[in-house]
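Undergrad: Note that the protein sequences, when read in sequence, are chains U and D. Under numbering that gives the first Met the number 0, the letters of the first sequence match residues 0 to 329, in that order. Under numbering that gives the first Met the number 0, the letters of the second sequence match residues 0 to 329, in that order. Below is a structure I'd like to ask you about.
Protein chains: 2
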Amino acid sequence: MTVTIYDVAREAGVSMATVSRVVNGNTNVKPSTRKKVLKAIEDLGYRPNAVARGLASKKTTTIGVVLPDISSAFFAEMARGIEDIANMYHYNIILSSSDQNVEREIQLIDNLLEKQVDGLLFLGDNLTEEHQQIFASTKVPIVLVGTIDPKHQLPSVRINLEQATFDAVDYLIKKGHKRIGLLTGSRKSFIGQVRYNGYVQALKDHQIPFDENLIVEIQPNYEAALKGTKTLLDLSERPTAIFAYNDEVAVGAIHAVQDEKLHVPDDIEVVGFDNTRIAQMVRPMLTTIVQPMYDLGAVSMRLLTKLINKEETHLDVVLPHRLEVRQSTK
Amino acid sequence: MTVTIYDVAREAGVSMATVSRVVNGNTNVKPSTRKKVLKAIEDLGYRPNAVARGLASKKTTTIGVVLPDISSAFFAEMARGIEDIANMYHYNIILSSSDQNVEREIQLIDNLLEKQVDGLLFLGDNLTEEHQQIFASTKVPIVLVGTIDPKHQLPSVRINLEQATFDAVDYLIKKGHKRIGLLTGSRKSFIGQVRYNGYVQALKDHQIPFDENLIVEIQPNYEAALKGTKTLLDLSERPTAIFAYNDEVAVGAIHAVQDEKLHVPDDIEVVGFDNTRIAQMVRPMLTTIVQPMYDLGAVSMRLLTKLINKEETHLDVVLPHRLEVRQSTK
DNA sequence: CTGAAAGCGCTAACAT
DNA sequence: ATGTTAGCGCTTTCAG
């Protein structure tokens, strides 16, 4: 039924080794026999079986990607960066959304490893003991994207999240704000902790008193942001600025402020995070921390190819971030 | 180095066939020997090699997905639907973005076929002769998502695009509009043609004269929408309503209108398409055609599993759409 | 309920 | 420059 390398060999009157050589672009083939083989391939409609090749060569040219949610603009953009570079190096990617569920993450990684991926890209806020364990169980190269290994043992590419958070809060403080609301994710995750630290550090540097009430932990989505902001606005002494976990949350914050007949940025200034497409698609346009999502994906994929090829490379890449000032701040 | 099924067999004192049986949950194994095998697996840290399994069984439990751009909210949402159902049936997905480039689409499909995917999901506006050809070259089940095969030979799941377009324009006409701008994609693509037809049909049904100037073909993104809308507004006799290709374009249209110091919906009404997350995250919130993106992905993946298992099933599934009226129309 | 043996389609030495 | 020969790690009859 299916035509194999063996059929091509017979048709072309050569051995399968020779067919394999021309298929794989090996130069040691006489032009005339190469032509014969190519013709046989064409005639028979031969399509190489990558699974067989993978078994024989122990390389699958596919890499596994585990991320929280592909439907999120943030991760989708990273995924695109990953894909483009993967493609450039002739890798395919197997994508899996984990919803940040540890058990599921582990299961997905295990599954990917069974599929013999040549490398693994992991995007997720938290690196538990279980993660460390499964990562240690394999020699497949792994790189962390957007996170960091608390133990600094795994390669990663990311921005300096604590610094970025610090920068945003520092910017607000320098504009005179003393009460800055923080709409953030769970402080139990590593990332949540890091961002919390950045916030606290900025306050400390300017000797501004810390108020627990100004910290609201939410799921990072629009609806939760609406509610979380309401909580902030209902405070007896409400904040004059809000730093949001990401752009979607920032948009929610703005709308919640507007719902209270207040004005952004005149009454309350809002700063987002990420600079996803939406940042420029709302009015007022968002002042936000620019995180180079596409590049994070692209660079980590590039790093992974180097690891796969056992090339020398930096193992902890920190990409630049910056604050883009637009209309949601004065 | 790597532990194989053979190692497990030796450790457990059984044959590899038996190990294979317990790994694959075959019932014909005595509980006591099953236990022995499980212990050996645990002790050795055995991880089945899916590539070898794929070669032997001719099933890879992975399906290929070709879509225009994973970083687009529209496709990312569909991808999530695909993924969830794929996971439910224990399939992995290999994702590839094509940028709607025909040559690249063909190449990606070919590559996926080499990888012996068990099924293929294709999302793209256009089905050329080349597509038909490569699809015909394999017996791997294929389903079209969001599009339709002009020749009605391939399974597909979609909404009735022409009807949806008609509905939106019809709605606008019934509100008294006679000059309705259409910000659309290229009419050369099959989809573009279908949507154009829906627009024209609605006009015809209400005996409203057609004006070519009201049709502006653009790339479906925010920036292009800004420009395209400007073109529309600069018309000597400008439209009183605009129907946009998708929500992002609609947002661009709204902002372009506002840039001209006009008001939405009072001066110009705007209708979007898709109902992506952004529709509710802008002010005014978008009136838009609701396209069930997640379901389109989920249902097509479900259909694909049926095809793979050679089960009976409908081959042309049309999912419902509807117009969600919000603030961008009066 | 369990084992033996023959592939699955290809790559990679090793010869020639 | 080309052919021969072992596997790669697993599934799947077929026996027993």
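Every residue, glycine too, gets a C-beta built ideally from N, C-alpha and C.
Write down the C-beta distance between residue 219 of chain D and residue 244 of chain D rounded to the nearest angstrom, noting that I regard them as a contact closer than 8 Å.
TA: Within the second sequence, numbered from 1, the residue matching residue 219 of chain D stands at position 220. Within the second sequence, numbered from 1, the residue matching residue 244 of chain D stands at position 245. Contact holds; Cβ gap of about 5 Å.
Undergrad: So that I know if they touch, is there some Cβ in chain U lying closer than 8 Å to that of residue 221 of chain D?
TA: Translated into the one-based positions of the second sequence, residue 221 of chain D becomes position 222. Yes, contact with chain U.
Undergrad: Does chain U have any CB closer than 8 Å to the CB of residue 412 of chain D?
TA: This structure does not reach residue 412 of chain D, given that chain D is present from 0 up to 329, and the question cannot be answered.
Undergrad: When Cβ atoms are compared, which residues of the stretch 286 to 307 of chain U fall closer than 7 Å to chain D?
TA: Within the stretch 286 to 307 of chain U, no residue has a Cβ that lies closer than 7 Å to any Cβ of chain D.
Undergrad: In this structure, does DSSP put residue 272 of chain D in helix, strand or coil?
TA: Locating residue 272 of chain D in the second sequence gives position 273, where the first residue counts as 1. Reduced to three states, the DSSP call for residue 272 of chain D is strand.
Undergrad: Let me make sure I understand the geometry here. Which of U:99, U:302 and U:34 has the alpha-carbon closest to that of residue 185 of chain U?
TA: Here residue 185 of chain U refers to the residue found at position 186 of the first sequence. Of U:99, U:302 and U:34, the residue nearest in Cα terms is U:99.
Undergrad: Would you kindly work out how many angstroms separate the C-alpha atoms of residue 88 of chain U and residue 110 of chain D, rounded to a whole number?
TA: Position 89 of the first sequence, counted from the first residue, corresponds to residue 88 of chain U. Position 111 of the second sequence, counted from the first residue, corresponds to residue 110 of chain D. So the alpha carbons of these two residues sit roughly 14 Å apart.
Undergrad: Would you say residue 150 of chain U lies against chain D (beta-carbon separation less than 8 Å)?
TA: Here residue 150 of chain U corresponds to residue number 151 of the first sequence, with the count starting at 1. It does not; no Cβ of chain D falls within 8 Å.
Undergrad: Where does the unbroken beta strand (DSSP E) through residue 185 of chain D begin, and where does it stop?
TA: Here residue 185 of chain D refers to the residue found at position 186 when the second sequence is read from its first residue. No beta strand (DSSP E) contains residue 185 of chain D, which DSSP labels as neither H nor E.
Undergrad: Would you mind reading off the limits of the beta strand (DSSP E) that contains residue 86 of chain D?
TA: Reading the second sequence from its first residue, position 87 is the one you call residue 86 of chain D. Segment 72 to 87 is the alpha helix (DSSP H) holding residue 86 of chain D; no beta strand (DSSP E) there.
Undergrad: Where residue 222 of chain D and residue 84 of chain D are concerned, what is the direct C-alpha to C-alpha distance, given to the nearest angstrom?
TA: Start at 1 with the first residue of the second sequence, and residue 222 of chain D comes out as number 223. Start at 1 with the first residue of the second sequence, and residue 84 of chain D comes out as number 85. Their Cα atoms are separated by approximately 34 Å.
Undergrad: Answer yes or no: do residue 36 of chain U and residue 64 of chain U have a C-beta to C-beta separation smaller than 8 Å?
TA: Counting from one through the first sequence, the residue named residue 36 of chain U turns up at place 37. Counting from one through the first sequence, the residue named residue 64 of chain U turns up at place 65. Not in contact: residue 36 of chain U and residue 64 of chain U (Cβ atoms no closer than 8 Å).
Undergrad: Does the distance from the C-beta atom of residue 158 of chain U to that of residue 318 of chain U stay below 8 Å?
TA: For this step, residue 158 of chain U is matched to residue 159 along the first sequence. For this step, residue 318 of chain U is matched to residue 319 along the first sequence. Yes, they are a contact pair.
Undergrad: Cutting at 7 Å between CB atoms, please list the residues of its own chain near residue 298 of chain D, excluding the five before and the five after it.
TA: Walking along the second sequence from the start, residue 298 of chain D turns up at place 299. Excluding sequence neighbours, residue 298 of chain D sits near 156, 316 and 318.
Undergrad: Taking DSSP as the reference, what is the three-state secondary structure of residue 194 of chain D?
TA: In the second sequence, counting from the first residue as 1, residue 194 of chain D sits at position 195. In the structure shown, residue 194 of chain D sits in a helix (DSSP, three-state: H, G or I).
Undergrad: Using three-state DSSP, classify residue 134 of chain U as helix, strand or coil.
TA: As a working mapping, residue 134 of chain U is identified with position 135 in the first sequence. Helix at residue 134 of chain U.
Undergrad: For a quick check, are the C-beta atoms of residue 189 of chain D and residue 149 of chain D less than 8 Å apart?
TA: For this step, residue 189 of chain D is matched to residue 190 along the second sequence. For this step, residue 149 of chain D is matched to residue 150 along the second sequence. Yes. Within cutoff.
Undergrad: Pick helix, strand or coil for residue 62 of chain D, following the three-state DSSP scheme.
TA: Locating residue 62 of chain D in the second sequence gives position 63, where the first residue counts as 1. In the structure shown, residue 62 of chain D sits in a strand (DSSP, three-state: E or B).
Undergrad: For residue 210 of chain U and residue 167 of chain U, I'd like the C-alpha separation in whole angstroms.
TA: The count along the first sequence starts at 1 and reaches residue 210 of chain U at position 211. The count along the first sequence starts at 1 and reaches residue 167 of chain U at position 168. Their backbone Cα atoms lie some 18 Å apart in a straight line.
Undergrad: Would you call residue 247 of chain U buried or exposed, if buried means 16 or more other Cβ atoms sit within 10 Å of its Cβ?
TA: Position 248 of the first sequence, counting from 1, holds the residue named residue 247 of chain U. The residue in question, residue 247 of chain U, is buried, as its Cβ has 16 or more Cβ neighbours within 10 Å.
Undergrad: Is the Cβ-Cβ distance between residue 81 of chain U and residue 120 of chain U less than 8 Å?
TA: Residue numbering aside, residue 81 of chain U sits at position 82 when the first sequence is read from its first letter. Residue numbering aside, residue 120 of chain U sits at position 121 when the first sequence is read from its first letter. Yes, these two residues count as a Cβ contact at 8 Å.
Undergrad: Buried or exposed for residue 170 of chain D, please, with buried defined as at least 16 other CB atoms from any protein chain shown within 10 angstroms of its CB.
TA: Reading the second sequence from its first residue, position 171 is the one you call residue 170 of chain D. Classification of residue 170 of chain D: buried, given that the 10 Å Cβ count is 16 or more.
Undergrad: With a threshold of 8 Å between beta-carbons, can residue 256 of chain D be considered close to chain U, or not?
TA: Mapped onto the second sequence, residue 256 of chain D falls at position 257. Chain U, which has no Cβ nearer than 8 Å to the Cβ of residue 256 of chain D, makes this no.
Undergrad: Output the boundary residues of the beta strand (DSSP E) element that contains residue 230 of chain D.
TA: Counting from one through the second sequence, the residue named residue 230 of chain D turns up at place 231. Here residue 230 of chain D belongs to no beta strand (DSSP E); instead the alpha helix (DSSP H) covers 221 to 232.
Undergrad: Work out the CA separation of residue 180 of chain U and residue 234 of chain U for me, nearest whole Å.
TA: Position 235 of the first sequence, counted from the start, is the residue given in the question as residue 234 of chain U. Position 181 of the first sequence, counted from the start, is the residue given in the question as residue 180 of chain U. The straight-line gap from Cα to Cα measures roughly 10 Å.
Undergrad: If you pair each beta-carbon of the stretch 127 to 144 of chain U with each one of the stretch 126 to 136 of chain D, do three or more pairs fall below 8 Å?
TA: At 8 Å Cβ cutoff, the stretches do not touch.
Undergrad: Give a yes or no on whether 8 Å exceeds the smallest Cβ distance from residue 20 of chain D to chain U.
TA: Working through the second sequence from its first residue, we reach residue 20 of chain D at position 21. Judged by the 8 Å Cβ criterion, residue 20 of chain D is not in contact with chain U.
Undergrad: Below 8 Å on the Cβ atoms is my guess for residue 263 of chain D versus residue 256 of chain D; work out the distance and round it to an integer in Å.
TA: Numbered from its first residue, the second sequence carries residue 263 of chain D at position 264. Numbered from its first residue, the second sequence carries residue 256 of chain D at position 257. Right, the Cβ-Cβ distance comes to about 5 Å (below 8 Å), so this counts as a contact.
Undergrad: Write down the C-beta distance between residue 72 of chain D and residue 276 of chain D rounded to the nearest angstrom, noting that I regard them as a contact closer than 8 Å.
TA: Mapped onto the second sequence, residue 72 of chain D falls at position 73. Mapped onto the second sequence, residue 276 of chain D falls at position 277. About 6 Å separates the two Cβ atoms, so the contact holds.
Undergrad: From the DSSP output, in three-state form, read off residue 311 of chain D for me.
TA: Position 312 of the second sequence, counting from 1, holds the residue named residue 311 of chain D. It is coil, neither helix nor strand.
Undergrad: What's the gap between the Cα of residue 12 of chain D and the Cα of residue 44 of chain D?
TA: Working through the second sequence from its first residue, we reach residue 12 of chain D at position 13. Working through the second sequence from its first residue, we reach residue 44 of chain D at position 45. Near 17 Å, if we compare the C-alpha coordinates of residue 44 of chain D and residue 12 of chain D.
Undergrad: Give me the residue from D:144, D:310, D:164 and D:214 with the minimum Cα distance to residue 293 of chain D.
TA: One-based indexing of the second sequence puts residue 293 of chain D at position 294. Minimum Cα distance to residue 293 of chain D is reached at D:144.
Undergrad: How big is the Cα-Cα spacing for residue 205 of chain D and residue 192 of chain D?
TA: The residue given as residue 205 of chain D occupies position 206 in the second sequence. The residue given as residue 192 of chain D occupies position 193 in the second sequence. Their backbone Cα atoms lie some 20 Å apart in a straight line.
Undergrad: Beta carbons nearer than 7 Å to chain D: which residues of the stretch 33 to 54 of chain U have them?
TA: Answer in chain order: 44, 46, 47, 48, 49, 50, 51, 53 and 54.
Undergrad: Output, in chain order, the set of chain U residues within a Cβ distance shorter than 7 Å of residue 136 of chain D.
TA: Stepping through the second sequence from its first residue, residue 136 of chain D is reached at position 137. 44, listed in chain order.
Undergrad: Would you kindly work out how many angstroms separate the C-alpha atoms of residue 95 of chain U and residue 24 of chain D, rounded to a whole number?
TA: By 1-based counting over the first sequence, the position of residue 95 of chain U is 96. By 1-based counting over the second sequence, the position of residue 24 of chain D is 25. Answer to the nearest angstrom: the Cα atoms are 24 Å apart.
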